[in-house]
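J.: Residue numbers (my numbering): 305 to 729. In this text, a Cβ means the ideal position worked out from N, Cα and C, and glycines have one as well.
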Amino acid sequence: MLDMQRIRDNPEFIKKASENKKSPVDIDTIINLDNRRRDTIKEVERLKNLRNTRSQEIAVLRKEKKDATKVIAEMKEVSDRIKDLDGQQKEIEETLHEHLIRVPNIAHESTPHGESEKDNVVTATWEKPPSFDFKPKDHIELGIILDIIDFPRGAKIAGAGFPVLKNEGARLERALINFFLETHTRRHGYREIFPPFLVNRASLFGTGQLPKSEEQMYFIGEDGLFCIPTAEVPVTNLHRDEILDQAQLPIKYCAYSACFRREAGSYGRDTKGYLRVHQFNKVELVKMVLPSTSYDELELLRIDAEFILKALGLHYRVLTLCDADLSFAAAKCYDLEAWAPGEGSYLEVSSCSNFEDFQARRMNIRYRPANGDKPRFVHTLNGSGLATARILVALLETYQTANGTVHVPEVLHPWMQGLTEIGPR
RNA sequence: GGAGAGGUGCCUGAGCGGUUGAAAGGGGCGGUCUCGAAAACCGUUGAGCUGGGUUUCCGGCUCCCAGGGUUCGAAUCCCUGCCUCUCCGCCA
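1. Am I right that Ala633 and Gly512 are in contact with their C-beta atoms under 8 angstroms? What's the rounded C-beta distance?
2. Smallest Cα separation from Phe659: which of Val590, Tyr703, Val715 and Gln704?
3. Please report the distance separating the alpha-carbon of Ile532 from that of Lys367.
4. Sorted by chain position, which residues of the same chain lie with C-beta nearer than 8 angstroms to Lys352's C-beta, five sequence neighbours on each side aside?
5. Is it the case that the Cβ atoms of Thr415 and Asp629 are separated by a distance below 7 angstroms?
6. How far does the alpha helix (DSSP H) with Met592 in it extend, from its first residue to its last?
7. Can you tell me whether Leu272 is helix, strand or coil according to DSSP?
8. Below 8 angstroms CB to CB, which residues in the same chain sit around Asn324 once its five sequence neighbours on both sides are set aside?
9. Hey, is the region 682-692 in contact with the region 431-444, meaning 3+ C-beta pairs nearer than 8 angstroms?
10. Spatial neighbours of Ala363 within its chain, please: C-beta separation below 6 angstroms, excluding the five flanking residues on both sides.
11. If Ile449 sits next to Gly708, beta carbons under 8 angstroms apart, how far is it from one beta carbon to the other, in whole angstroms?
12. Of the choices Asp371, Glu395 and Arg358, whose alpha-carbon is the least far from that of Met379?
13. Reducing DSSP to helix, strand and coil, say where Lys495 ends up.
14. Quick check on Leu606: does DSSP put it in helix, strand or coil?
15. Please go through the region 328-384 and give each complete alpha helix (DSSP H) segment of 4 or more residues, from N-terminal end onward.
16. Starting from Asp549, trace the beta strand (DSSP E) both ways and give me its first and last residue.
17. To the nearest angstrom, how far is the alpha carbon of Phe484 from that of Val593?
18. Quickly, what does DSSP pair Phe659 with across the bridge? List them, please.
19. Using three-state DSSP, classify Ser598 as helix, strand or coil.
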């Protein structure tokens, strides 16, 4: 959510920026509602002031056993008028709110301008794609040969898009999660959180998934709860409606969670295999920081996520998303894409975003400046570090051998009970 | 699932329907004292919105879990929801 003051001061700029982000908004209506709101407030506050002073007078008259019926009758009318105006104000504010929550975050000045995802900028690449003296298999084939991914049985027990990991595949998945968590907690100084996997509406509103993306989430109607699409939601909401001390910042959390996505509307894209599934595992990094440091923190966050890819020895590239491809709540975002030789394409395995105060406003997360000033909104950031589903794909396809086995990267050995190579059963 | 209790400021904890934004204590901050510290004493200590002067300034309105209702007036009365706690049942 943007600051109303900011919209009031730069309506044309906001209008242009929202168009650049491909989610235009009706700024004129918002400005108009804002004016009506403030006019109403002026009038209703004048009347309430009158009511308050007169009520005092009534109390005094009563105490002195004098007649107050005239003032009371007068105030009854004023009260009716107030009730009427209160209703109007509430209505205006609700309408204004409905508009405001749909205004996207404004892209940061360092975010490139573009028309579509084609205009994302390749900012960095790491190593070269591995070369093979044989035709590399894709992960689906490898999964079947090695008996580590079972698509048909997943479909049987849950549905399409719910593959089952088995044997060394299951163990590898667990090793990856452990490696991620250990790295970020011990090496990078994040505090570990194990969050609920179901959250309420308020939490999803706070991080920006609601109201825009409700159809993308699994909803348990009976309890009014949603399956989290990412640990970002519960973890960022930890400090909702709180005022933190400046000394506590920056707060750095990492959390493993399963992630649930309906992927409605994306049927036909990446339908095969393990690339787009309804449930996957992810270790998420979340930061709450001083506004003045958030862009430095974004670079550090990206470095922390990249460290994992480097340690796994995967070829990858970094994209800086252009404004048109930026998500609703983000001001700047880097996508990390790992190379999958079998697919012959890059797979998005992490998005590192700075939301500035956009989420903090929705969640009302503030900090008290060290000098004791009024509370200010924190800046929030998050990034995957990393998502296992696609990393597993990149891993299997990168480390496969001519005879169909897959080497286990050395950094995962501590969690593989001595297994260094996965072979056919 | 059944039966109770309760949700007040950073914390504990008062609060006959009418100067209660809120007693008291604790904590925090500032000061006095001290070479310094402790103790003691004094002072101070919420947020949002909206005006005006427009750097440290001065007003008004709102907020005692949330949303409704009663009333001239509600933290205080009534209803609904949410949350917490205790007991019973069930259970990983």
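T.: Working from what's here:
1. 4 angstroms
2. Val590
3. 59 angstroms
4. Ile386
5. no
6. First-last for Met592: Gln583 to Val593, but that is the beta strand (DSSP E), not the alpha helix (DSSP H).
7. With the chain represented from 305 up to 729, any question about residue 272 goes unanswered, as that position is not in the structure.
8. Ala411, His417, Asp627 and Ala628
9. no
10. none
11. 5 angstroms
12. Arg358
13. Per the sequence presented here, residue 495 reads as Arg, with Lys not at that position. If DSSP states are grouped into helix, strand and coil, Arg495 belongs with the strands.
14. Residue identity check: residue 606 is Arg in the sequence provided, not Leu. In this structure, Arg606 counts as helix in the three-state DSSP scheme.
15. 331-367
16. Glu546 to Asp549
17. 22 angstroms
18. Answer is none; Phe659 lacks a bridge partner.
19. helix
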